[in-house]
Every structure is written in structure tokens, then in C-alpha cells.
Amino acid sequence: MSDAPSALRAIRLRCEHLNPTLGLNSARPRFTWSLGGQALGQSACRLLIGEDRDAVASGRADLWDSGRREMSGLGASYDGPPLPSDRHLWWSVQLWDEAGRPAPIPDPAELFTGLFAEDWQAEWIARPFVPAAGRPVPQDDAYDNRFQARPVDYLRRELHLPNAPVRATAYTTALGLYEFYVNGTRIGSDVLAPGWTDYHTRAEYQVHDVTGHLRAGGNALGAILGEGWYSGRVGHNQRRAGNHYGGRPAFLCQIHLHYADGTRQVLRSDDGWTCARGPILYSDFLAGEAFDARKEMSGWSAPGYDDADWQPVETGDPEPRAPELNAARAQPIREVERLGARELGPCGSERIYDLGQNIAGYCELKITAEPGTRIRLRHAERLTEDGALYTENLRYAVSEDVYIARGGGEEVYTPRFTFHGFQYVGLTVESGALLAEPALTGIALQTDMPRTGEIDTGNALLNKLLSNIFWSQRDNFIAVPTDCPQRDERYGWTADAQVFWRTAGFNMETTAFATKYLEDLIDGQSPEGAFPDVAPTKPLNPYRLTPQPGAPGWGDGPIIIAWHDYLRTGRTDLLHRAWEPFVAWMDYIEAANPDGVRLNRVNNNYGDWLNVGPRSDPALVASAYWVHIADLMGKIAGVLGRDRTRWHLLAARLRASFRGAFADSEGRLSGDTQTAYLLALDFGLLEDRSPAVARLGQLLEEAGWHLQTGFLGVRHVCPVVADELSERRAVDLLLKESFPSWGFSIRHGATTTWERWDGWTPERGFQSASMNSFNHYSFGSVGEWIWSRLAGIDWDEAAPGFASIRMRPIFDERIGHLAARYDAPSGRIESAWQIDGATGRWTVSIPPGATAAITLPRTATDPTLAGAPLQSAPLGPGAHVIEFGYKADQD
Ligand code: BGC
182 MSDAPSALRA IRLRCEHLNP TLGLNSARPR FTWSLGGQAL GQSACRLLIG
232 EDRDAVASGR ADLWDSGRRE MSGLGASYDG PPLPSDRHLW WSVQLWDEAG
282 RPAPIPDPAE LFTGLFAEDW QAEWIARPFV PAAGRPVPQD DAYDNRFQAR
332 PVDYLRRELH LPNAPVRATA YTTALGLYEF YVNGTRIGSD VLAPGWTDYH
382 TRAEYQVHDV TGHLRAGGNA LGAILGEGWY SGRVGHNQRR AGNHYGGRPA
432 FLCQIHLHYA DGTRQVLRSD DGWTCARGPI LYSDFLAGEA FDARKEMSGW
482 SAPGYDDADW QPVETGDPEP RAPELNAARA QPIREVERLG ARELGPCGSE
532 RIYDLGQNIA GYCELKITAE PGTRIRLRHA ERLTEDGALY TENLRYAVSE
582 DVYIARGGGE EVYTPRFTFH GFQYVGLTVE SGALLAEPAL TGIALQTDMP
632 RTGEIDTGNA LLNKLLSNIF WSQRDNFIAV PTDCPQRDER YGWTADAQVF
682 WRTAGFNMET TAFATKYLED LIDGQSPEGA FPDVAPTKPL NPYRLTPQPG
732 APGWGDGPII IAWHDYLRTG RTDLLHRAWE PFVAWMDYIE AANPDGVRLN
782 RVNNNYGDWL NVGPRSDPAL VASAYWVHIA DLMGKIAGVL GRDRTRWHLL
832 AARLRASFRG AFADSEGRLS GDTQTAYLLA LDFGLLEDRS PAVARLGQLL
882 EEAGWHLQTG FLGVRHVCPV VADELSERRA VDLLLKESFP SWGFSIRHGA
932 TTTWERWDGW TPERGFQSAS MNSFNHYSFG SVGEWIWSRL AGIDWDEAAP
982 GFASIRMRPI FDERIGHLAA RYDAPSGRIE SAWQIDGATG RWTVSIPPGA
1032 TAAITLPRTA TDPTLAGAPL QSAPLGPGAH VIEFGYKADQ D
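If you want our numbering, it's the 1-based position in the sequence shown plus 181.
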């Protein structure tokens, strides 16, 4: 052991997968980190938690010091004395490297403990149904819009404080969407808070440090309260377009103040608040927003504002019950990128703009105009051949924002409680006049997960495909993993999510988001054990309050998502949390299908959704998925130290039933489609694989080496083709530009992943407007193969969390070079290869504590490492350069 400093670094500190952590839902939160710097690994760690950031940074912790613990694992659960609520803490971790040298203590991470259930004293407040006597009744035109959308509420309260607090923390949430203000200042940068949960069961609250905003004397608190997922329009059911959880948004806030003399005070939402309508005439996900700047109420959230004509709010428990209040489990939604709009020219009375990128978000509009000038912004993903906005595929979503100018100088406007899925914008001046050229900027939103990976290659099409996959993820990871951001849908569809989850985790840190979504899925589980098709669930069905039970591949999603999260992170939290719900889902299926073939309780059996070419047998797809999740349950049981016997027996029985029901004596599978063989091979369902491999090859040959797969099959195409048929053929599929292929959509202008292979074709133009999104991430599930095989950065089930990395890259001269970096839970992994004629070079970088098992493709000959022949032993931490001869595969 030595006291000489180590070059080891603890990086990316996370508590409950977040930094900052804004509230806890667990008494034993989990702290994790990754390794950086130059060292072989970690031998010990010491966790430090305290109130004083600088003290923690220098190794002094007043709340908890775990002491040195000999362990190489990159995480520990809190096991000190119970953490108090309403605390603002800092934590860090000291590490020792493999030789026992201490590493420097990294900058502390921020941790708010939040409020526990028993701490809540605030009352839900809402606009009154009936205005108090003596107050003005609402204007006749309040609901006078074609959607009958509700005007947005403004809420305020003034209060007097004896002193300025030394610490003040606000805990806020809404049934609806809100922005919070203190003394005229908007607090926080999150948008669309509090996000979407099943509000009848739970709502998440936000935590804001408002210490610097409150002062001795007069203060004012304010909130703007909109409809959002709670009462606004969501989804595609026109008979029940809105009011899914309730008809009246409500707000809740509690502020804990601490004074220098040790006293405390709690401010809370109560009947002392008042409310009014302001400039936001309505703001709705599907309709858009209308904003009349002439109605702005300057200073409404500052002290001293004259609110004599505001109404007193009503307090009370929301129907049917008050939701459980939880700290937010994922990062907030934020504005993450601004894109300048290029004006394309006029189309009729509309000026058309192009952002160059399909986004989910809205526009910032900058204008100088006559007072009362009325401007309409329409949003679309594509243009028609005449250069007009194509909006038919939005279905009932209107996606228009209307701005009425105040006049008298430059005005800057962005809507608040809406977002659109769009690349093109049409601006119309409906009345009045602009006095200067308008300027438009697109603003993209997403749940603000840190980016983890990036790949750059020598192939422009592949780079665009990676960009499209990334953007479709960004555009759809907004509070929940939605199917699409533009039309009247925007649900958290389970199959879309599960096929994409592995890809998603290469792009962004998805564990916190998965934790939240899994909670939504469990909230949506039926008493019989059925996971839902979508989560959160309530809006789907107007006729019953139970959600639509999940189809095969859909309801199976939670198990697959949690398993993938475990393999990516090595953390078992989600598996522990969801074990019982998983068993209930397995029971639900098994009880109805005694013969081991999944024919019953298949609900809306969607099958291999949106394939092209021959349709796969939905019973085969369903049964294949059943075996797959039975296998996963066996593995999960093993990880959790539970008995695996039930799952092993079940999986063996289901395999036999699968073969009996769907394979003939020659090994032909029912339906005889690409997806049938892909699932059977990738899920390991066959005793003799060779007939299926041969038949898959024939089917691909007959299709001119084009894929014919839908949402469920597509994920397996490149992996199975590469492993069973030919790596070069798999790259062919990836780089193909003829229909159907990923390249086809890119050739026709895709900047995000299309929902359908034939979303637009030169022969037919647009697919049916009844279902044609240009921003669905499911077909982007090929991303995992680009990462794991082309870049060669793959997890290893035996040592999850990328503690051991399987590196089996595919080199291909058509791609030329590829450089990938991935911030894995173990640390940063890099892989960069380049082909120069008959030689190649591959550089890999492995984080401390990790190893990489290397397998070179057949195209690489005579590999050397540092001049010596490459051995089969795994590579350790650090950078390694492998040189080889290159010979392209010919098949
Ligand atoms: C959604 C999907 C979803 C599917 C299920 C569609 O409307 O957009 O992505 O998985 O329905 O049928």
C-alpha cells in the first residue's frame, strides 16, 4: 500500500442515476461512478456525504463517511443513518487504485433529499369552477377557440418574510404542466414539468433551490398552469380527445425556509393564492398555443402587482384521489438545441421555412409588428411536391401556434405547454403587418439525458443514419419513450421502446429514464398481471379504466428493457424492483396457453408490425417472444439469486412446443418469412440451425438482399446475417439505398427514422396519411449492431456494465474508417479503425478496471500488437494499437 497519488479518477458521479439528484424515493439510494485516468483499476472506495461542498471535496463529510471499503465495484448503496428530508447535500467518492494509491477526490455531486410523504402539507390549488361573488365572470371568449381548449391559468400569492432565508428549497408539481416563478423570475430551466405519469396513481415533483430569490420583506410566488397530458389533448381517440385524468389542472408547492438563527418556516400552496387568465388563450399538445401579447400582465409574479380582480383559488383533493408524490426519477425535459430556420420562399400566403432537421419542439419567433398583428405558425415534417406543408399525417393534431403582437418594438415569443414534430414551418400574417423581417429559430426538446456515445465514419450515408437514429431518439424521449412526436398519438408504446432500448443506451444515459418508465409500466399493469401496450396508460381507452393489455412483443417490453439496462450497467435495481410484476406477466401468459403456444391473451396481436413483403405468422412471432422472455426470466432469476428451475423448465417446454407448432420436417417455419427465421435463430429456438440459416439466405436472395422485416424483425437482421451468413452482406444491407432500406429514406430526405419503409416512394408519394410518421425510432434498432459489431463495442453477459468488453469489429473498406467513443458505466471505451488499401489499423482504449476480449474479422490478416503477433489474451486498461493486413470478403 502506498500514499503516492494515483492517476485513477472517479468520473460521472451519479446518485440514483442522476446528477444533480433532485429528491430521493429510497432510504438507501445508490451511488455509482465510472473510472477514468491511467490506472489498472479500483481496489477500494470511500463515500463521503455532507452539507459543505468544500469540506466534502477535501475529504471531510459531516453526514456520512463510509470509511474505506475494499471493493472493485463501481457503486454502493447508502447504509448510514437515515437520511433526513429537505436537505441539500454534496457527495463524492474517494478511490484507491490497484496498488492501493489514493486517487484525488472528484468534484462533489449535488444531492437534494427531497420531501418524504409525511412532509407534505401543501394543498392542491386550482381555478374555481364558480367565480367568487363580486369578481368578474370569465370573458365569453375564454373558450372561444375551435378546440374549446382551456385558457392557461396564472396563479400568485404575496407574502412577507421577516428575514432573507439562508436556505430555501421549493418543491413543486402540477396535475397539468407548470412554470414556477419567484419575485418575477422564472425558476429552473425545465420545460413541460412535471412530465407524464399516471396522475391517478402518482405525480412527480421538482426541487428548486430558491435561496437567492427570496428576501426580507415583500415577496411574491407565481405559477403558470396549463393542461398537458393531464387534461389536454393526447393520443388518437377523438371520442375522448382530452381530459384523460381530470378536467381541471391543479398546482402544488411547498417551500422550506431556513433562517440564520436556526428557525424554519414552511410556505405552501393554500387558499391564499389567487388566479387569473392572461395572454395564453390556450396551450395544448395537439392544438398548439395561442398567445395574445396585448394581454400580458407585466409584473404579475412580482410583489406589489395589483391583483384586485383575480379570483381566489379553490383547494381540495383531486378526483378520484390525490396522487402519491414522488421525486422525479429521470432528468427534466429541457430545450437542448437551437436550429436556425432557412426561408425557402412563399407558398400561397405562407412563407415556408426549413430547419434542416426534423425535431420535437417549437419555434422562437422574433418580430416587429403593428399592434394586434396576428401571425400563425404551422408545422410539418415534409413538404408536398408543390412545396406546401404536408400536414395530413398529423391526423387530428393541429400543431399551429398563433401569436398576436403587442406592437411597439421587437417581440420574442416561444410557446410553453405544447410541442410539435416538424422540420418545416409555414408563417402567415393573418392580419396587421410586420414592420421588419421576422426571424425563426427551431428549439428542440428532450428529457435531458447526458450523451454517452458518438461515432464518425468515412461513409456519409452511415453517418446520416446514425444522426437520424440519434434525432429520433431525442425527439421521442420526452417524459416517456413515445412512438412519434407529431401526430395525435405520442404514447409510450412498449414494443417500440424494447426493440430500441439497446441502441438508445449507446446514445444517451438511459437508466434514469428506464427507471421512470418501468414505474409507469408497473402502474399500468392489470390485476391479472397484464403489462399495458402503452404507458402511462389511462388515456388509451374511453370505455374502461383498465389499460389496453399488452400484445406479444409489446407487453414483453418491460422484461427486455430491464434486462438490457442490467447488461449495460451491471446494476440490478430495475430487476429487483420489477421481479414480482415480471412474474405476474409470465403467469398471465402461461395461465392462458397451457400448450406452450401463445395463442391466447395475445390482445391486439400486432405481429411483426409494419413489415414490407410477406407477413409473418403472428402466432409464431408471439410464441418466439414467449420463449425469449422465459429465457430472460431464467437469467434474471440467476442474477437475483432466485430459483431458476421454473424458467428453465418453461423455456425448454416452450422451445419444444414452438418447434412442434411452427417447424415442418424440412425445417421450414410457418409463414416462411425473414422475420420467422431471424427470431428463431436469434432467440435460439431450433435444434438444427442450418436449414433455417439456408432458408434465410434464400429468402434474402429472392428479395434481392433487401429486408422485409417490421418493428420486431428488423432488430435481428444485421446481427443474424453477419453471424450466420456473411458480415459483408450485413454491411450491404446497412448501406443499401434501394427500397426498402434505411438508405432509401435517407436518399429521400430523411433526417429522422421513418415509421414505415415506404413512408414516401417516388411511385406512390406519401403512404396513407392515416399512419405515416417520419419520426419513429423503431427501425433505428439497427444502431445496436453498428455499435456492437461495426464499432466492436459490445457488452458481455458474464461481466455486465462493460467490465468486460466483447470487441468483434467488422472492418469494411466501403466504410473506410470509423471512430467511436462510448462512455460506458465502466468508463470511456474507444474504438477506431481505418482501412488503407491492403492494410488496416485499429486503436482501442479500455478504461481502468475493464478488459476487452478481442476477435478480429476474417478480413484482417496477420494482426500485430505493438509489433508482436496479437495473442488471444484479453486486453487490459489503456490504449492499444493493432495493425493488420486487409482483404475484403468477396461474397
Ligand atoms: C404506433 C406504434 C405502435 C403501434 C402498435 C402505432 O400507432 O405508432 O409505434 O407500436 O401503433 O400497433
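The beta-carbon is built from N, C-alpha and C at its ideal position, and this holds for glycine as well.
Practice task
Please state whether DSSP places tyrosine 769 in a helix, a strand or coil.
Solution key: Along the sequence shown, read from residue 1 onward, the residue named residue 769 stands at position 588. In this structure, tyrosine 769 counts as helix in the three-state DSSP scheme.
Problem - Coil, strand or helix - aspartate 321 by DSSP - result: Residue mapping note: residue 321 aligns to position 140 of the sequence shown, counting from 1. Because the pLDDT of aspartate 321 is 47, which lies under 50, any placement of that residue in the model is unreliable, and the question is left without a value.
Practice task
Specify the secondary structure class of phenylalanine 651 as computed by DSSP and reduced to three states.
Solution key: Indexing the sequence shown from 1 puts residue 651 at position 470. Phenylalanine 651: helix per DSSP, three-state reduction.
Practice task
Along the beta strand (DSSP E) that carries tyrosine 386, what are the first and last residues, could you check?
Solution key: Taking the first residue of the sequence shown as 1, we reach residue 386 at position 205. Run containing tyrosine 386: 383-390, per the beta strand (DSSP E) assignment.
Practice task
Report yes or no: do the stretch 346-353 and the stretch 426-442 share at least 3 C-beta pairs separated by less than 8 angstroms?
Solution key: yes
Exercise for the section: Report the option in Val593, Arg937 and Leu748 whose CA atom is closest to the CA atom of asparagine 792. Expected result: As a position in the sequence shown, residue 792 is number 611, starting the count at 1. It is Arg937 whose Cα lies nearest to the Cα of asparagine 792.
Practice task
Would you identify the three-state DSSP class for phenylalanine 328, choosing helix, strand or coil?
Solution key: For the purposes of this step, residue 328 is taken as residue 147 along the sequence shown, with counting starting at 1. Correct three-state label for phenylalanine 328: coil.
Problem - Residues that threonine 942 bridges to, as DSSP identifies them - result: Within the sequence shown, numbered from 1, the residue matching residue 942 stands at position 761. DSSP lists Gly946 as partners of threonine 942.
Exercise for the section: Using three-state DSSP, classify serine 187 as helix, strand or coil. Expected result: As a position in the sequence shown, residue 187 is number 6, starting the count at 1. Note: serine 187 maps to coil in three-state DSSP.
Practice task
May I ask you to list the residues that DSSP assigns as paired with histidine 425?
Solution key: In the sequence shown, residue 425 corresponds to position 244, counting from 1. Per DSSP, none; premise fails for histidine 425.
Exercise for the section: My understanding is that glutamine 855 touches leucine 888, with C-beta atoms under 8 angstroms, so please give their C-beta distance in whole angstroms. Expected result: Your numbering for residue 855 matches position 674 in the sequence shown. Your numbering for residue 888 matches position 707 in the sequence shown. Contact holds; Cβ gap of about 7 angstroms.
Practice task
Using only the heavy atoms of the ligand BGC, determine whether one of them is closer than 6 angstroms to the beta carbon of aspartate 664.
Solution key: Within the sequence shown, residue 664 is the residue found at index 483, counting from 1. Checking every heavy atom of the ligand BGC against the Cβ of aspartate 664, one is found closer than 6 angstroms.
Practice task
Consider the C-beta atom of alanine 188 and the heavy atoms of the ligand BGC; say whether any pair is separated by less than 6 angstroms.
Solution key: By 1-based counting over the sequence shown, the position of residue 188 is 7. Alanine 188: no, Cβ never under 6 angstroms from the ligand BGC.
Handout entry: With 16 other Cβ atoms within 10 Å as the buried cut-off, status of glutamate 562
Key = For this step, residue 562 is matched to residue 381 along the sequence shown. Buried, by the Cβ-count rule.
Exercise for the section: Taking only the alpha-carbon atoms, compute the straight-line gap between aspartate 321 and proline 332 and give it to the nearest angstrom. Expected result: The residue given as residue 321 occupies position 140 in the sequence shown. The residue given as residue 332 occupies position 151 in the sequence shown. Confidence in aspartate 321 is poor, its pLDDT being 47 and thus under 50, which makes the residue's placement unreliable; the coordinate value appears in the next sentence. Answer to the nearest angstrom: the Cα atoms are 12 angstroms apart.
Handout entry: Contiguous alpha helix (DSSP H) assignments of at least 4 residues, all confined to the stretch 224-262
Key = 234-238
Problem - Boundaries of the beta strand (DSSP E) in which threonine 622 is found, first to last residue - result: As a working mapping, residue 622 is identified with position 441 in the sequence shown. Threonine 622 -> beta strand (DSSP E) spans 620-628.
Handout entry: Selection from Leu642, His601, Phe892 and Glu847 that minimises the alpha carbon distance to histidine 929
Key = Sequence index remark: in the sequence shown, residue 929 carries index 748 (1-based). Minimum Cα distance to histidine 929 is reached at Leu642.
Problem - Sequence-distant residues of the same chain with beta carbon closer than 6 angstroms to alanine 159, five excluded per side - result: Any question about residue 159 goes unanswered here, given that the chain covers just 182 to 1072.
Exercise for the section: State yes or no: is the C-beta of arginine 282 within less than 7 angstroms of the C-beta of alanine 185? Expected result: Here the question's residue 282 lines up with position 101 in the sequence shown. Here the question's residue 185 lines up with position 4 in the sequence shown. Going by C-beta atoms, arginine 282 is nearer than 7 angstroms to alanine 185.
Exercise for the section: Kindly give me the distance between the Cβ atoms of glycine 590 and threonine 622, rounded to whole angstroms, as I take these residues to be in contact under 8 angstroms. Expected result: The count along the sequence shown starts at 1 and reaches residue 590 at position 409. The count along the sequence shown starts at 1 and reaches residue 622 at position 441. Contact doesn't hold; Cβ gap of about 19 angstroms is too wide.
Practice task
Please check the pair arginine 510 and glutamate 385, which I expect to be a contact at CB under 8 angstroms, by giving their CB distance rounded to whole angstroms.
Solution key: The count along the sequence shown starts at 1 and reaches residue 510 at position 329. The count along the sequence shown starts at 1 and reaches residue 385 at position 204. About 7 angstroms separates the two Cβ atoms, so the contact holds.
Handout entry: Candidates His389, Pro343, Arg555 and Val363, of which the one nearest leucine 292 by Cα
Key = To locate residue 292, count along the sequence shown from 1; it is residue 111. Per the Cα distances, His389.
Exercise for the section: With DSSP as the reference, please indicate the residues paired to alanine 355 in a beta bridge. Expected result: Translated into positions along the sequence shown, residue 355 becomes position 174. Alanine 355 pairs with Phe432.
Exercise for the section: With a 10 Å radius around its C-beta and 16 neighbouring C-beta atoms as the bar for buried, classify methionine 988 as buried or exposed. Expected result: Walking along the sequence shown from the start, residue 988 turns up at place 807. With 16 or more Cβ atoms within 10 Å of its Cβ, methionine 988 is classed as buried.
Exercise for the section: Per DSSP, which residues does tyrosine 411 bridge with? Please list them. Expected result: Working through the sequence shown from its first residue, we reach residue 411 at position 230. Beta-bridge pairing links tyrosine 411 to no other residue.
Exercise for the section: Count the C-beta pairs between the stretch 1010-1021 and the stretch 986-1002 that are closer than 8 angstroms, then say yes if the count reaches three, no if not. Expected result: yes
Problem - Candidates Gly751, Ala980, Arg383 and Leu406: closest to threonine 1032 by CA position - result: Taking the first residue of the sequence shown as position 1, residue 1032 is located at position 851. If we check each option's Cα against that of threonine 1032, Ala980 comes out closest.
Practice task
Spatial neighbours of threonine 753 within its chain, please: CB distance less than 7 angstroms, with the 5 preceding and 5 following residues excluded, ordered by chain position.
Solution key: As a position in the sequence shown, residue 753 is number 572, starting the count at 1. Closer than 7 angstroms at the Cβ level, and outside the excluded window around threonine 753, lie Tyr747, Val820 and Leu821.
Exercise for the section: Using the Cα positions of lysine 476 and valine 680, report the straight-line distance between them to the nearest angstrom. Expected result: If you number the sequence shown from 1, residue 476 lands on position 295. If you number the sequence shown from 1, residue 680 lands on position 499. Their Cα atoms are separated by approximately 47 angstroms.
Practice task
Would you mind reading off the limits of the beta strand (DSSP E) that contains methionine 988?
Solution key: Position 807 of the sequence shown, counting from 1, holds the residue named residue 988. Start and end: 985-988.
Exercise for the section: Apply the 10 Å Cβ neighbour rule to alanine 614 and answer buried if 16 or more other Cβ atoms are within range, or exposed otherwise. Expected result: Within the sequence shown, numbered from 1, the residue matching residue 614 stands at position 433. Looking at its Cβ environment, which holds fewer than 16 other Cβ atoms inside 10 Å, alanine 614 is exposed.
Practice task
Using 6 angstroms as the cut-off, classify the Cβ of alanine 676 as near or not near the heavy atoms of the ligand BGC, replying yes or no.
Solution key: By 1-based counting over the sequence shown, the position of residue 676 is 495. Under cutoff, so the answer is yes.
Exercise for the section: For glutamine 446, name the three-state secondary structure that DSSP assigns. Expected result: Mapped onto the sequence shown, residue 446 falls at position 265. Note: glutamine 446 maps to strand in three-state DSSP.
Practice task
Note down the Cα distance separating isoleucine 192 from valine 898, rounded to an integer number of angstroms.
Solution key: Stepping through the sequence shown from its first residue, residue 192 is reached at position 11. Stepping through the sequence shown from its first residue, residue 898 is reached at position 717. So the two alpha carbons sit approximately 36 angstroms from each other.
Handout entry: Nearest-angstrom Cα separation, counted from arginine 655 out to proline 730
Key = By 1-based counting over the sequence shown, the position of residue 730 is 549. By 1-based counting over the sequence shown, the position of residue 655 is 474. For proline 730 and arginine 655, the distance between alpha carbons rounds to 27 angstroms.
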